[in-house]
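Residue numbers (this note's numbering): 5 to 698.
Take a look at the structure:
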């Protein structure tokens, strides 16, 4: 059993996608090792901005005896073919053996020679490393090798010796590099333990987990004296730890006068632009202090580093303050006229046109929800201001703050708190774990905005395909579903979709409406998309069995997600109750029995002949089914409370009636009775789908 070490040393690689690529590289090699029957006792991988290190401990080649036999031509094949087979394996015909198989006699060669593990590893590396795919990569010189940044060296050890292989224009080595005074110095490596010793000697914290823990511990030590703290941000922690080989923590400060800016501007400047950790005081208020993480300490214990970073962040915040003050010289309403120059999508039109569509939807829902004058006024005012911040200088500088800045500008323009909050929360929920908008107004605004976006992209054929969803329409649909269900919005989704579609008739995409049956086809496609997303949500949350959802009879022309959710909640409880379990068992007997009959659906579609009933069980079952399956509306409470009366008649029928009677006429009539029961009970709910999950 031998250890295997592989290190790629390059110029500094981007931190944002480094970790995922390293995991992929490790998986590529590991999967191939398993395929070649090379067992691994343990494995690990590490990365820094310059190094990717993969280690497999205790490699061992295990050959199954059955795989030693290499199959050749049939026993009755021409002599030339048999000799050629033997020659290809560098042996003679006399060394071949004959074995019986299911397809007859064949020649086999018993290959007792064990493959060379070292050569096998060389082949694996040269083959699998070609498959490495970076999110962004570089190609340099006259060569075709691609890496995130120019690759300088590949260290590869198998045991204590170099494993030689080629990758692009590079050949593997038995040394690693350390940057000293702008020159990479070579250090020979003779084992895995020696490699770790060298990393320690270089001052490189090779383990990403160790760097993260070290950053958090040092931050706590640094901030404790000032009674400050950071807020948990895993993404930032990972990114910062990927930027350094050995982290040094420094406490810095921007000018306190910038605290009058909206806190989101300060936070995004520190986090996104500078990769700093904002600090908060004991009352959870953002302070003027922040933590910066450096790759070196500098000879003056970091004084120069701190001063340099403070100058940079102060300059950025000075620009932000200038934009903020200039934006606020005008009321938020002023920016409406500028939205005509901001394109929502080249095939749909401008943001201004989108706002006009949103206004129509707002009026439509105001009427549907029977809003009072104040509610309607708040909704329309919010819609008219909703996208105005897109034309402001702060949002042009910080696009991530759209909506958020709109709320601040609305407040500065003296709009009420409810309107400001709805503008702030217009894009919520941003994902499955994000909170919903907090007020009814905010929920309605977010719903209107999302439905317009989703329908618009379906009109121009930008819906998701397989695993690709560049416009995040699945997330948009999930947001709409959550707003309706969790927000308890009683709404005909089909009607809302059709209304939204009509609003696009005068848009840039109006030519799409010329095709025959456009409204019908596109609305069906969108409804199917919503129901598919809802079913996926059920599968992910596991609140209900997905077969329960499939069992529902849903009218696509009147889809009400809130009603569907309430029906699922009721049926979930009902089919867990003793009565529900008994009903399911009784109907299951019917379905299982008629399912055994060939062409049942074709042969037994009519009602049974009542005159042919010879037992009271037949008559009672027939009469009870007619009485308790008269359901015109989908009211599952009433339906289930009626269907439970069929449990006893069904069970007594099976217990006391001979279905396969020697009289063919009676047999056919009794089978038609079971088919009649099946058709009636499955009219409002598909018991067949329910049974699949039991």
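Using N, Cα and C, we set each Cβ at its ideal position, and we do this for glycine too.
Among residues of its own chain, excluding the 5 on either side of residue i, which ones have a beta-carbon nearer than 6 Å to its beta-carbon?
{"i": "residue 269", "result": "324"}
{"i": "residue 182", "result": "189 and 206"}
{"i": "residue 166", "result": "178"}
{"i": "residue 578", "result": "584 and 644"}
Could you give the distance in angstroms between the alpha-carbon of residue i and the alpha-carbon of residue j?
{"i": "residue 572", "j": "residue 485", "result": "15 Å"}
{"i": "residue 133", "j": "residue 29", "result": "7 Å"}
{"i": "residue 237", "j": "residue 295", "result": "13 Å"}
{"i": "residue 85", "j": "residue 78", "result": "9 Å"}
{"i": "residue 110", "j": "residue 87", "result": "14 Å"}
{"i": "residue 584", "j": "residue 655", "result": "15 Å"}
{"i": "residue 473", "j": "residue 308", "result": "46 Å"}
{"i": "residue 379", "j": "residue 346", "result": "29 Å"}
{"i": "residue 443", "j": "residue 421", "result": "11 Å"}
{"i": "residue 451", "j": "residue 300", "result": "49 Å"}
{"i": "residue 381", "j": "residue 400", "result": "29 Å"}
{"i": "residue 248", "j": "residue 264", "result": "33 Å"}
{"i": "residue 21", "j": "residue 8", "result": "25 Å"}
{"i": "residue 314", "j": "residue 226", "result": "17 Å"}
{"i": "residue 19", "j": "residue 339", "result": "37 Å"}
{"i": "residue 513", "j": "residue 503", "result": "16 Å"}
{"i": "residue 651", "j": "residue 632", "result": "11 Å"}
{"i": "residue 196", "j": "residue 6", "result": "11 Å"}
{"i": "residue 284", "j": "residue 267", "result": "11 Å"}
{"i": "residue 290", "j": "residue 434", "result": "24 Å"}
{"i": "residue 173", "j": "residue 544", "result": "47 Å"}
{"i": "residue 334", "j": "residue 208", "result": "53 Å"}
{"i": "residue 630", "j": "residue 681", "result": "9 Å"}
{"i": "residue 83", "j": "residue 97", "result": "9 Å"}
Ordered along the chain, which non-local residues of its own chain (more than five positions away) have a Cβ less than 8 Å from that of residue i?
{"i": "residue 641", "result": "574"}
{"i": "residue 531", "result": "497, 498, 501, 560 and 563"}
Buried or exposed: residue i, going by 16 or more other Cβ atoms within 10 Å of its Cβ?
{"i": "residue 562", "result": "exposed"}
{"i": "residue 319", "result": "exposed"}
{"i": "residue 667", "result": "exposed"}
{"i": "residue 751", "result": "In the structure as shown, the chain begins at 5 and stops at 698. Residue 751 is therefore absent and cannot be evaluated."}
{"i": "residue 146", "result": "exposed"}
{"i": "residue 144", "result": "exposed"}
{"i": "residue 304", "result": "exposed"}
{"i": "residue 694", "result": "buried"}
{"i": "residue 455", "result": "buried"}
{"i": "residue 312", "result": "exposed"}
{"i": "residue 662", "result": "exposed"}
Would you call the CB atoms of residue i and residue j closer than 8 Å?
{"i": "residue 677", "j": "residue 612", "result": "yes"}
{"i": "residue 449", "j": "residue 426", "result": "yes"}
{"i": "residue 359", "j": "residue 390", "result": "yes"}
{"i": "residue 477", "j": "residue 468", "result": "yes"}
{"i": "residue 60", "j": "residue 47", "result": "yes"}
{"i": "residue 64", "j": "residue 43", "result": "yes"}
{"i": "residue 158", "j": "residue 36", "result": "no"}
{"i": "residue 246", "j": "residue 23", "result": "yes"}
{"i": "residue 331", "j": "residue 413", "result": "yes"}
{"i": "residue 622", "j": "residue 674", "result": "yes"}
{"i": "residue 494", "j": "residue 566", "result": "yes"}
{"i": "residue 273", "j": "residue 244", "result": "no"}
{"i": "residue 649", "j": "residue 625", "result": "no"}
{"i": "residue 10", "j": "residue 58", "result": "yes"}
{"i": "residue 258", "j": "residue 321", "result": "yes"}
Per the DSSP calculation, residue i is bridged to which residue(s)?
{"i": "residue 551", "result": "Residue 551 pairs with nothing; no bridge assigned."}
{"i": "residue 408", "result": "Beta-bridge pairing links residue 408 to no other residue."}
{"i": "residue 166", "result": "161"}
{"i": "residue 101", "result": "112"}
{"i": "residue 256", "result": "294"}
{"i": "residue 131", "result": "Answer by DSSP bridge pairing: none, since residue 131 is not bridged."}
{"i": "residue 348", "result": "Answer by DSSP bridge pairing: none, since residue 348 is not bridged."}
{"i": "residue 691", "result": "Per DSSP, none; premise fails for residue 691."}
{"i": "residue 483", "result": "Its beta-bridge partners do not exist; DSSP assigns none."}
{"i": "residue 184", "result": "187"}
{"i": "residue 325", "result": "DSSP lists no partner for residue 325."}
{"i": "residue 37", "result": "According to DSSP, which records beta bridges pairwise, residue 37 is partnered with nothing at all."}
{"i": "residue 56", "result": "12 and 51"}
{"i": "residue 75", "result": "112"}
Grab me the residues of residue i's own chain with a C-beta within less than 7 Å of its C-beta, minus the 5 sequence neighbours each way, in chain order.
{"i": "residue 491", "result": "440 and 447"}
{"i": "residue 529", "result": "462"}
{"i": "residue 223", "result": "234, 253, 281 and 295"}
{"i": "residue 16", "result": "53, 54 and 153"}
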